Each structure stands twice: as C-alpha cells, then as structure tokens.
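Sequential numbering from 1 applies to the sequence shown in UniProt numbering. Just so it is clear, CB atoms sit at the ideal spot from N, CA and C, and this is done for glycine as well. Note that the coordinates shown come from a computational prediction; the quantities given were computed from them, not determined experimentally. Below: the structure, in structure tokens.
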Amino acid sequence: MGKKSVMELGIDDFVKVGLSAAEANELKEVLLSLPLSSLSSADTWRHLVSRKVLKPSYPHPLHQLLYYTIYNDHHHSSSSPPLYWFPSLEQAIRTNLGRLMETHGSQLLGASSYKDPITSFPLFHKFSVQHPEVYWSLVLKELSISFVEPPNCILDTSSDQSKHGGTWLPGSVLNIADCCLQPSSHPNKQDDSIAIIWRDEGFDDSEVHRITLKQLREQVMLVANAIDANFSKGDAIAIDMQMTVNSVIIYLAIVLAGCVVVSIADSFAPKEIATRLRVSDAKGIFTQDFILRGGKKFPLYSRVVEAAACKVIVLPVIGNDIGVQLREQDLSWNSFLSSGKQNPRSHHYSPIYQSIDSVTNILFSSGTTGDPKAIPWTQLSPIRSAADGWALIDIQPGDVYCWPTNLGWVMGPTLLYSCFLSGATLALYHGSPLGHGFGKFVQDAGVTILGTVPSLVKTWKSTQCMEGLDWTKIKKFCSTGETSNVDDDLWLSSKSYYKPIIECCGGTELASCYIMGSLLQPQAFGAFSTASLTTGLVILDENGVPYVDILDPYDSQMMYPALVKWDYSLYLWEQLIDCLMLTMRRFTLRECRFTKERFFEDMEILSKEL
C-alpha cells in the first residue's frame with residue numbers, strides 16, 4: 001500500500017478492506033473524476049473530505065487505506081503533522097470568534113492589518129494577550145452574565161500588589177447560578193429553550209427526555225428552598241453522584257443558595273470520600289442509593305455512610321423510592337424536597353448575590369502523592385471556563401453538548417457552565433458511555449458537540465459498538481485527559497464526515513485550558529494549534545532562556561498546528577504566573593517528547609499492516 005499513490009489504488013484494494021464490489025466501483029469512479037494527481041497530500045485529503053467522498057458507513061480499514069496512502073511520505077517532507085481538517089472562510093465567519101473579529105477586528109488591529117478571521121487570528125490572539133482587559137470586555141457581553149453590581153473596571157493592577165496579575169472585575173456582585181437560569185437575548189436563550197436533554201440507560205428505544213429553561217429554574221429554586229431549610233448560607237455541601245439531571249439541579253441550587261459545592265467523584269472509595277469531606281469541612285452530602293452502569297447496580301450510599309458522619313440526602317437511582325435503609329440523621333430525596341415545599345413560594349427563590357471572588361465550588365487535585373489539595377472556584381472561574389468553550393469550541397445557542405463526565409472532576413462543572421452561559425443544551429446519558437446505548441443517545445438527542453477522552457474512543461473503536469449509528473449531526477468533537485491516538489481519532493472524526501476534534505489541555509486550578517485547537521486554524525490529529533485566548537506560552541531551556549527562535553506563537557507561520565500534544569506527565573517544571581483571565585505558562589523543553597514522533601511510527605506500522 002505504501003508504494004501506491006491514491007490514484008493507483010484499485011477496486012481490489014477497496015474490496016480487500018471491506019467495501020462491496022459496487023461500493024468499490026463507485027468510489028473508484030469518484031476518485032477518477034477528481035483532479036487529484038496534481039495536488040499536494042494536504043490538498044488531496046482536503047478535496048476528498050470537502051466532497052464527502054469518505055462516508056461514515058465505510059469500514060475503518062478503508063479510511064485508513066486512503067489517509068495513510070495520501071500521507072505516506074509526509075513525515076519525510078514536513079516537520080508538521082498531517083492536516084485533516086481545514087476551515088473555510090465562510091465557516092470561520094460564522095464562528096463566535098470569527099463574528100467577533102469581523103465586528104471589532106479593524107478597530108482593534110487597524111484597518112490595514114485586519115484581513116479576515118483566518119488570516120488575522122495570530123494577530124488577534126497576540127492582541128488578546130497584550131490587552132486582555134479589552135478582550136474580556138467584549139467576551140463578557142457574549143456570555144449570559146448579569147451583574148447586580150457591575151465591575152468598577154475589567155482589570156485593576158494597582159490596588160493590590162500581592163496579586164501579580166491584578167484583580168479581575170473588582171467590585172462586581174452576581175450569582176453565577178442565577179446567570180445560568182435566567183433567559184437572555186444575547187446569547188439567545190428563552191424560557192421555552194431546551195436546557196437539558198437526557199435518557200436513562202436501558203431505555204434506548206424510548207423518547208429522550210427534555211426540560212426547558214423555565215422548568216429547570218423552577219426545580220433549582222425548589223431545591224434551593226430545601227437547602228435553606230436544612231443548611232446555612234456559606235455551608236459546604238458535597239455531591240457524590242452520577243452526572244444526572246438531578247445532580248445538575250442540586251449543583252445549581254447549592255450555588256444559588258449562597259453555599260459551596262464540594263465535588264466528589266462517584267468512583268471514590270470511602271477513605272477518599274472521607275478525606276474530601278474533612279478537607280472541605282462539608283456539612284452535608286447528596287448521593288444516590290446505587291449507581292446504575294452497564295445494566296448493573298453498584299452500592300454508593302453505603303460507601304458514603306462509611307465515610308460521612310454529616311447529613312446525607314439520598315436520591316433513588318431508579319423510580320421514586322430509595323432502595324436502602326437510612327440512618328436516623330439522613331433524608332430521602334422526597335423528604336428533603338418536602339422540607340422546601342413548606343415555603344408557600346417553593347418554586348420561587350431570591351438568589352444570594354455575592355462578590356465575584358466568593359467561592360462557589362471546591363474541587364480537588366488527584367491526591368496521588370498525599371491528601372488531595374482543595375482547589376476553590378470563585379464566581380470568576382465559570383466565566384473563564386465558559387469563555388474558552390465560547391471562543392475555541394464555538395459553543396452556540398442551538399448546540400447540543402454532550403461529554404460523559406462527573407461533577408467530581410473539572411469537566412463536570414466546565415460542561416455545565418459552558419452550556420448554560422452560552423445558551424446551548426446540556427445532553428446527559430444516565431449510564432455507561434462505553435456501549436451502544438450511549439451512542440444511540442448521541443444520535444437520538446441530535447448531539448452537535450461530543451466530548452471524549454482518548455481511552456473512551458479506543459473502546460468504541462475496538463468493540464465496534466457504534467456501528468450502524470448516525471452521528472452526522474455532530475459539528476465538532478473535543479478531547480482531553482490523555483494523549484490522543486492518531487488512528488483512534490481518524491476513526492472518530494470519520495463518523496461525522498471528518499469534523500474537527502478540538503484538543504484541550506488545562507487545569508482544575510485554572511478553570512480553563514491553556515492550549516487547544518481552534519476552528520480558525522487547520523487541525524491535525526492529536527495536536528494543539530493555539531494557546532487559548534489571553535494565554536501566552538514560553539518554552540525555556542535548562543538555563544531559563546526562552547526558545548524564541550523555535551516557538552513564536554504570533555508568527556504568521558503558526559497558522560498550522562506546530563504545537564503537538566504533550567505527554568501530560570512530562571512537564572518537568574512549570575510556574576503558573578497568573579491563573580484566571582490571563583495565563584502565562586513556562587516550561588522547560590528537556591525530556592518533553594512530542595506525539596508527532598509516535599505518530600509517524602504508528603503510521604508506518606499501520607501502513608505495513610494494511
């Protein structure tokens with residue numbers, strides 16, 4: 001295979017990798033009709049993808065055959081990884097960031113400097129790093145953020161010298177959960193907009209469930225009233241549940257009531273739960289009687305009871321009645337809600353408004369080297385988090401955003417806020433994401449943005465559990481948490497006619513990413529293409545001298561993804577200069593291996609196998 005060009009591939013080659021004779025003949029005729037012989041590898045691939053020649057229904061070996069044939073000699077002629085997705089100017093202008101640049105680019109960058117969102121993206125990124133207060137003044141208007149007391153300014157660098165990056169949005173007062181729940185004209189979300197769409201595992205042939213923004217707000221206010229009846233303002237209250245509609249309602253209600261969410265993953269053992277409850281001084285915890293996953297029930301309440309002396313509110317995983325015997329101090333979900341209904345206006349609640357730097361969520365480091373470190377999120381954190389999704393994932397009203405995760409990990413709150421502050425619909429599958437049931441939910445819910453971790457994609461591909469499903473409504477994928485595998489990403493992207501996979505790398509303490517992909521730049525599998533907006537990256541040698549000649553993120557040549565995904569464990573040293581609205585990361589290059597090297601090894605191995 002490696003010795004043939006794509007035009008030399010014949011019908012027999014296509015049949016060998018799984019096409020029927022009729023499909024092979026059709027594909028060969030299409031290839032012969034295209035002017036591929038005079039094109040570069042990248043332009044050849046771009047031609048095939050733009051014309052939707054490579055159908056999602058084709059077997060994966062066919063996609064491998066064409067991709068690795070087209071890019072067979074690429075690593076000998078280029079230092080950059082092969083590109084698989086290319087933005088058109090029409091697409092770029094329709095993105096959130098493209099629209100912002102079209103509106104303000106000439107004024108901010110100069111009429112002679114601004115060209116279009118694709119050409120001028122490096123210059124605009126540089127502007128956002130050098131003038132973050134200007135960038136944020138624009139982005140705040142794009143998100144569903146409503147201040148009770150507006151900020152005195154965007155950035156104050158003079159009042160508190162102990163804050164190296166300055167103070168962001170000083171003097172502002174709001175409730176970030178209330179911002180999620182109220183309708184807005186920009187972004188467009190109305191009371192009848194679908195806020196959450198979900199399905200329970202085991203009901204794959206049933207209609208998906210939907211809840212409107214108004215219904216969500218009423219449910220959150222009911223729970224907030226019950227929280228007032230059982231806790232005090234400022235209390236830390238834990239959530240140890242699967243990420244379900246009810247867990248999202250509880251999360252928003254805790255914040256709406258002026259309390260602090262303590263995020264605990266539902267996979268933790270009693271000792272790990274107890275440590276997090278102790279570190280956060282939690283006064284109570286919401287949990288389930290069981291976890292339902294893969295058709296099996298696993299105990300959860302019993303683990304929490306072993307860990308917690310505080311009050312536990314227990315939700316049933318199935319139906320309306322819990323399936324466990326409660327301790328005297330604990331409450332069933334129904335009893336808890338009844339305590340809130342004693343308020344004659346139980347579906348109304350006046351939010352607790354607080355300063356921008358008030359803590360709303362306590363997350364944790366992994367705790368692999370000792371006690372987990374508490375990582376507080378203030379009301380500023382969701383804004384930074386949602387802004388990344390708005391700018392680089394391009395989350396818009398009308399999108400349906402699904403990412404299998406948990407409120408115990410940073411992606412849970414990130415997903416929640418990214419949807420509700422951008423006007424998108426949150427899609428939740430109450431069960432395991434490993435099988436066909438999850439994939440059918442993605443299809444039936446009309447998911448337009450699907451988030452993953454690489455190991456999950458590998459499972460889908462190896463088990464072939466997603467065969468026969470239609471994922472073509474997906475407009476983009478996202479990936480984080482692990483180093484991506486090129487061939488697995490080839491499989492994933494092919495399921496929606498090669499839509500882009502936005503790679504994301506950040507940190508819980510940042511409430512954001514610092515390096516990502518972008519819809520204004522061509523993309524390569526398993527690669528980043530840009531630092532996030534207002535983020536500067538500097539790579540240092542062993543003496544602390546920047547590799548300026550190697551990496552200039554504002555060079556016009558950085559249109560292509562020259563930054564390739566790092567192995568997460570290989571940061572030898574890092575210093576966080578500032579950590580929220582303006583981020584600077586400093587790394588040494590020593591011992592940092594690039595995925596690019598493994599990509600070419602993988603490509604050669606697969607070429608030989610095929």
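Beta-carbon gap between residue i and residue j smaller than 8 Å
i: Cys-259; j: Ile-227; result: yes
i: Ile-237; j: Val-261; result: yes
i: Leu-292; j: Gly-468; result: no
i: Ser-172; j: Pro-187; result: no
i: Leu-27; j: Met-7; result: no
i: Asn-246; j: Leu-315; result: yes
i: Asp-266; j: Leu-216; result: no
i: Val-17; j: Leu-65; result: yes
i: Ile-356; j: Glu-509; result: no
i: Leu-100; j: Ser-263; result: no
i: Glu-503; j: Gly-481; result: no
i: Cys-310; j: Leu-277; result: yes
i: Lys-476; j: Lys-499; result: yes
i: Ala-391; j: Asn-96; result: yes
Bridge-paired residues (DSSP) for residue i
i: Thr-287; result: Asp-240, Val-314
i: Asp-200; result: His-430
i: Ile-502; result: Cys-478
i: His-209; result: Trp-198
i: Asn-149; result: The sequence as given places Glu at residue 149; Asn does not occur at that position. For Glu-149, which the question treats as bridged, DSSP gives the partners Val-173.
i: Tyr-401; result: Leu-426, Ile-449
i: Trp-168; result: Leu-155
i: Ala-374; result: Phe-364
i: Phe-438; result: DSSP output for Phe-438 lists no bridge partner at all.
i: residue 612; result: In the structure as shown, the chain begins at 1 and stops at 610. Residue 612 is therefore absent and cannot be evaluated.
i: Arg-278; result: In DSSP, Arg-278 forms no bridge with anything.
i: Lys-473; result: For Lys-473, which the question treats as bridged, DSSP gives no partner whatsoever.
i: Leu-331; result: Ile-313
i: Leu-83; result: Ala-524
Own chain, CB closer than 8 Å to residue i, minus 5 neighbours either side, in chain order
i: Ser-193; result: Pro-183, Thr-212, Leu-213, Pro-397, Gly-423, Thr-425
i: Met-221; result: Ala-253, Leu-256, Ser-346, His-347, His-348, Tyr-349
i: His-104; result: Leu-138
i: Cys-180; result: Ser-144, Leu-252, Leu-416, Tyr-417, Phe-420, Leu-421
i: Tyr-135; result: Phe-127, Ser-128, Leu-533, Thr-534
i: Pro-433; result: Pro-404, Leu-456
Collapsed DSSP secondary structure at residue i in the structure displayed
i: Ala-527; result: strand
i: Asn-361; result: strand
i: Lys-141; result: coil
i: Leu-155; result: strand
i: Met-7; result: helix
i: Arg-51; result: coil
i: Tyr-514; result: strand
i: Leu-181; result: helix
i: Val-260; result: strand
i: residue 623; result: Here the chain comprises residues numbered 1 to 610, so residue 623 is not present and cannot be evaluated.
i: Lys-271; result: helix
i: Gly-295; result: coil
i: Ile-507; result: Strictly speaking, residue 507 in this sequence is Gly, with Ile absent from that position. Strand at Gly-507.
i: Lys-189; result: strand
i: Pro-344; result: coil
i: Met-221; result: helix
i: Trp-136; result: helix
Chain-order list of residues whose beta-carbon lies under 6 Å from that of residue i (same chain, five-residue window excluded)
i: Ser-512; result: Arg-384, Ser-385, Asp-388, Gly-506
i: Cys-419; result: Tyr-401, Leu-426
i: Asp-488; result: Val-457, Lys-458, Lys-461
Residue i CB to nearest heavy atom of the ligand HEM below 7 Å
i: Ser-385; result: By its list of ligands, the structure shown contains no ligand whatsoever, and the ligand HEM lies outside what it can speak to.
Other residues of its chain near residue i: CB distance less than 7 Å, five sequence neighbours each side excluded
i: Thr-167; result: Asp-156, Ser-159, Asp-160
i: His-47; result: Leu-34, Leu-36, Leu-39
i: Ile-231; result: Just to set this straight, residue 231 is Phe in the shown sequence, not Ile. Ile-237, Cys-259, Lys-283, Gly-284.
i: Val-15; result: Ala-21, Ala-24
i: Pro-270; result: Arg-303, Glu-306, Ala-307
i: Ile-118; result: Pro-87, Leu-89, Ala-92, Leu-520
i: Leu-62; result: Phe-14, Val-17, Gly-18, Leu-19
i: Val-410; result: Leu-363, Thr-508
8 Å contact criterion, which residue i and residue j should meet: CB distance rounded
i: Val-453; j: Trp-471; result: With 8 Å as the limit, Val-453 and Trp-471 do not qualify as a contact, their Cβ atoms being about 17 Å apart.
i: Leu-519; j: Asp-394; result: 5 Å
i: Val-223; j: Ala-177; result: At roughly 11 Å, the Cβ-Cβ gap does not stay under 8 Å, so Val-223 and Ala-177 are not in contact.
i: Arg-303; j: Ile-273; result: 6 Å
i: residue 672; j: Val-317; result: Nothing can be reported for residue 672, as the shown portion of the chain is limited to 1 through 610.
i: Tyr-429; j: Arg-199; result: 6 Å
i: Gln-329; j: Gln-354; result: Between Gln-354 and Gln-329 the Cβ distance is about 29 Å, and since that is not below 8 Å, they are no contact.
i: Ala-527; j: Pro-81; result: 5 Å
Min CB distance residue i to chain D below 8 Å
i: Gly-408; result: This model lacks chain D altogether, as it is built from one protein chain only.
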